[in-house]
Each structure stands twice: as structure tokens, then as C-alpha cells.
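Scroll down for the structure; my scribbles are underneath it.
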Amino acid sequence: MSLHVESYGSGDPLVLLHGWGMHGGVWEPVLPGLASHFRVHCVDLPGYGASPPLAQPTLDGLVQVLSERFTGSLHLCGWSLGGQIALRWAGQSPAQIGKLALIASTPRFVKCEGWSCAVSDTVLQEFADALLQDGMEVLRRFVALQVRGSTRERELLAAMRECLFGRGVPQAQTLLAGLGILRDTDLRSMLAQIGQPALVIAGERDLLTPPAASAWMAHSLPRAIFAEIRGAAHAPFLSHPDMVVRQLVDFLESME
182 MSLHVESYGS
192 GDPLVLLHGW
202 GMHGGVWEPV
212 LPGLASHFRV
222 HCVDLPGYGA
232 SPPLAQPTLD
242 GLVQVLSERF
252 TGSLHLCGWS
262 LGGQIALRWA
272 GQSPAQIGKL
282 ALIASTPRFV
292 KCEGWSCAVS
302 DTVLQEFADA
312 LLQDGMEVLR
322 RFVALQVRGS
332 TRERELLAAM
342 RECLFGRGVP
352 QAQTLLAGLG
362 ILRDTDLRSM
372 LAQIGQPALV
382 IAGERDLLTP
392 PAASAWMAHS
402 LPRAIFAEIR
412 GAAHAPFLSH
422 PDMVVRQLVD
432 FLESME
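Residue 182 is where the sequence shown starts when you use the working numbering, and the numbers rise one by one after that.
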């Protein structure tokens with residue numbers, strides 16, 4: 182399929198993967214800083230933004246589409262759902278992915294026995310039920326949850342809502358499939374096999390992917406660095422773009 186990808190800058194390729202409900206334009210605040218160091222590729226995942234949907238979206242299906250679009254070696258950065266896609270891609274293509282950055286992500290989004298640093302599956306089910314009634318309102322509510330408690334919360338909420346529908350409204354099928362991926366995916370058992378250097382960035386006030394989940398993930402990855410951004414919620418690259426750019430550049434350009 183044909184993915185919509187917008188590319189900026191020059192240097193080593195860096196692919197950015199957005200989260201549920203959004204599109205590649207959400208990375209705009211960090212693009213100038215990153216594009217001065219890398220050839221940055223902002224992807225609209227299938228069914229989001231300007232990319233056509235998959236008939237039956239799955240985590241492995243998304244990885245397959247991405248690996249067919251980007252065939253050379255690259256660095257990879259994923260946010261939230263994009264972080265889970267990035268983890269799976271890195272695990273399946275160890276020779277292709279050089280370094281891995283995960284922002285406000287987790288190996289498992291929902292709680293289960295022995296895994297409490299997550300949201301209840303009823304939260305995602307409520308979003309799924311509401312999608313059938315008013316998808317635009319569900320997305321607005323989800324955006325509000327992402328920035329709740331963050332520094333500059335009201336400003337960020339306005340900016341994210343403006344960005345949210347800047348490339349149209351995702352189809353309900355795409356959104357429901359994305360919630361299903363968030364509900365069902367559990368990547369904890371594969372973390373020990375991911376050998377790439379990794380940077381895990383968490384927001385101190387994140388209600389969707391608690392910092393404890395990111396810290397656990399960083400500890401479980403063989404070659405990971407953990408960074409927590411004080412005052413940030415689920416979108417630290419929006420609330421603290423300069424800090425996130427500095428961390429990404431330092432990590433990606435380090436000798437390791």
C-alpha cells in the first residue's frame with residue numbers, strides 16, 4: 182500500500198511513528214531540531230491522516246507495511262501506540278533498525294495479574310463503545326486525557342485538538358482496530374531479545390502509560406537508557422520539545 186510520508190532534513194534516516202488517533206503532523210514541534218541532524222520521515226500510519234486504511238489492521242500488519250516502505254537501515258522513534266509498533270519492528274528486523282527511541286510507551290497498555298502500571302481495560306472499552314456514537318468526541322476526550330496534568334495543559338490541549346483533525350477524521354474501523362491492538366498487545370516477553378540501543382522517555386505525569394511502565398521496560402531492554410521528563414504528561418515532545426530533541430540527538434549521535 183502507499184503510505185503518506187513527509188520527509189525533512191538530511192543525514193541518517195529517522196522514522197517517527199505517531200500514536201492512536203493522531204497522524205504524522207503531531208511531530209511538528211520537534212521537526213526543526215531533528216531535521217538539522219537527520220533525514221526525518223514522519224509517517225501517517227495506515228488509516229490515519231492521508232494514508233489509506235488496512236482492511237484488517239493488526240500490529241504485525243502495520244509492521245509489514247512499514248518494512249515494505251522503508252527498506253534500508255534506519256533509526257526508529259515511536260510514541261504511545263507507535264512505540265509498540267517500533268518495538269515489534271525492531272524485534273523482527275534487528276539488522277535494519279539501528280537505534281530505537283520509545284516515547285510515552287509501554288509493552289502492555291492494560292492491567293492484568295502482575296502488571297499494575299497500566300490503565301484498566303474498561304477505559305479502552307468505554308472509548309470503543311463511544312466510538313460508535315460520536316467518533317470525533319471520543320478523539321477530543323482522548324486528547325484531553327493525554328495532556329492532563331502536563332505543564333501548559335490548556336495550551337497543549339488547544340494545539341493538539343487543532344492538529345487532531347488537520348488531515349481528516351480516521352475511520353471508525355481504524356480507530357477500533359487501534360484500540361484492539363492497545364488492549365491485546367503484550368510485548369513484555371520479547372524485550373530481552375531486542376538488542377538495539379534504546380532510549381525510553383517517560384512523562385512524569387502520564388496517566389495513560391505511567392512512568393513506572395516505561396522504567397520497567399527500560400530495565401528489561403538489554404541496552405536501554407531511561408529518561409523521565411518532569412512536568413510532562415503523555416506527549417512530552419509537545420510540552421517539552423527542546424528537551425526531547427536534545428535527548429534524541431544526544432542518544433542517536435552517541436558512539437554506542
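Positions of the beta carbon are idealized from the N, C-alpha and C atoms, including for glycine. Bear in mind that the values here come from a model prediction, so they are computed numbers and not experimental data.
Suppose you measure from the CA of L356 to the CA of R348; what does that come to, to the nearest Å? Counting only the Cα atoms, R348 lies some 15 Å from L356.
Round the Cβ separation of G240 and I278 to the nearest angstrom and send it over; I've been treating them as touching at under 8 Å. The question names Gly, yet the displayed sequence has Leu at residue 240. Not really, about 16 Å apart at Cβ, beyond 8 Å.
Go through its chain and collect everything with a Cβ distance to V211's Cβ below 7 Å, but skip five positions before and after it. Residues F418, P422, V425, V426 of the same chain have their beta carbon placed closer than 7 Å to that of V211, with the five preceding and five following residues left out of the count.
Taking the beta strand (DSSP E) that V221 belongs to, which residues open and close that run? 220-225 is the extent of the beta strand (DSSP E) around V221.
For V324, which option in L345, E336, E249 has the closest C-alpha, if you only look at C-alpha atoms? Nearest of L345, E336, E249 to V324, Cα basis: L345.
Nearest-angstrom Cα separation, counted from L305 out to L257: Distance between the alpha carbons of L257 and L305 is about 26 Å.
For the candidate residues V196, R369, D367, whose alpha-carbon lies nearest to that of A282? Of V196, R369, D367, the residue nearest in Cα terms is V196.
Tell me, please, which residues DSSP counts as bridged to S188. In DSSP, S188 forms a bridge with H222.
The stretch 359-376 contacting the stretch 225-242, beta-carbon criterion three pairs below 8 Å: Contact holds between the stretch 359-376 and the stretch 225-242, because three or more Cβ pairs, one in each stretch, are under 8 Å apart.
Could you give the uninterrupted runs of the alpha helix (DSSP H) lying entirely in the stretch 370-425, keeping only those of 4 residues or more? As far as the stretch 370-425 is concerned, its whole alpha helix (DSSP H) runs of at least 4 residues are 392-401, 417-420.
From the DSSP secondary-structure annotation, give me the bridge partner or partners of V196. DSSP output for V196 lists H222, L257 as bridge partner(s).
Quick one: Cα of F407 to Cα of G259, how far? One alpha carbon belongs to F407, the other to G259, and they sit about 15 Å apart.
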